[in-house]
């Protein structure tokens, strides 16, 4: 046991005597890491009053959305519909919303800015999905959810309108 302990100590000493030597002056590097709060996108929807079941003409306003950011700065925003209601389109951000009481009841909708008509005028494709774009918006930018570009007959039901908003950078 004593011989083993002595051998271990000698081996450690041998390795210690083989250690290298620093041959230059040291130099220091630094970087200043600044952590900030993440920006939260605010997105609210207010329904338009006086919309009834039956025949809806094209572009009937259904809701107004407001987007902004928690930092109070101007941003570009991209607004779309969640994937579960999103409808493929080559020209605008569209969705098909099922009735809450009867999923066979359908409401076809599109997104547009308050100034743009038709909806395709403000639409852009990002990652294979259509978004309605709001450029250089300060504390609150508005958009509309409108009935789809063709007249449609809508059954009496409750239809939950949902959108998603993101800050967009080119």
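Residue numbers (mature numbering (1 follows the signal peptide of the UniProt record, and there is no 0)): -19 to -1, 1 to 151. For each residue, glycine too, the CB sits at the ideal point set by N, CA and C.
About 19 angstroms separates the CB atoms of residue 114 and residue 64; that is not less than 8 angstroms, and the two are not in contact. Looking at the DSSP output, residue 122 shares a beta bridge with 48. Here DSSP, grouped into helix, strand and coil, assigns residue 68 to strand.
According to the DSSP assignment, residue 149 belongs to the beta strand (DSSP E) that extends over 145 to 149.
In the three-state DSSP reduction, residue 103 falls in the helix class (H, G or I). Per DSSP, the beta bridge partners of residue 60 are 113 and 146.
Going by DSSP, residue 32 is part of no beta strand (DSSP E) at all; its letter is neither H nor E. Note that the segment 37 to 54 touches the segment 15 to 24; at least 3 beta-carbon pairs, one per stretch, sit closer than 8 angstroms. DSSP, reduced to helix, strand and coil, places residue 18 outside both helices and strands of the structure shown, so it counts as coil. Distance between residue 67 and residue 17, taken at the CA atoms: about 33 angstroms. Under the three-state reduction of DSSP output, residue 75 falls in the strand class.
In the displayed model, residue 90 falls within a strand according to three-state DSSP.
Remark: fewer than three beta-carbon pairs, one from each stretch, lie closer than 8 angstroms, so the segment 71 to 83 and the segment 26 to 46 are not flagged as touching. Counting only the Cα atoms, residue 148 lies some 52 angstroms from residue 4.
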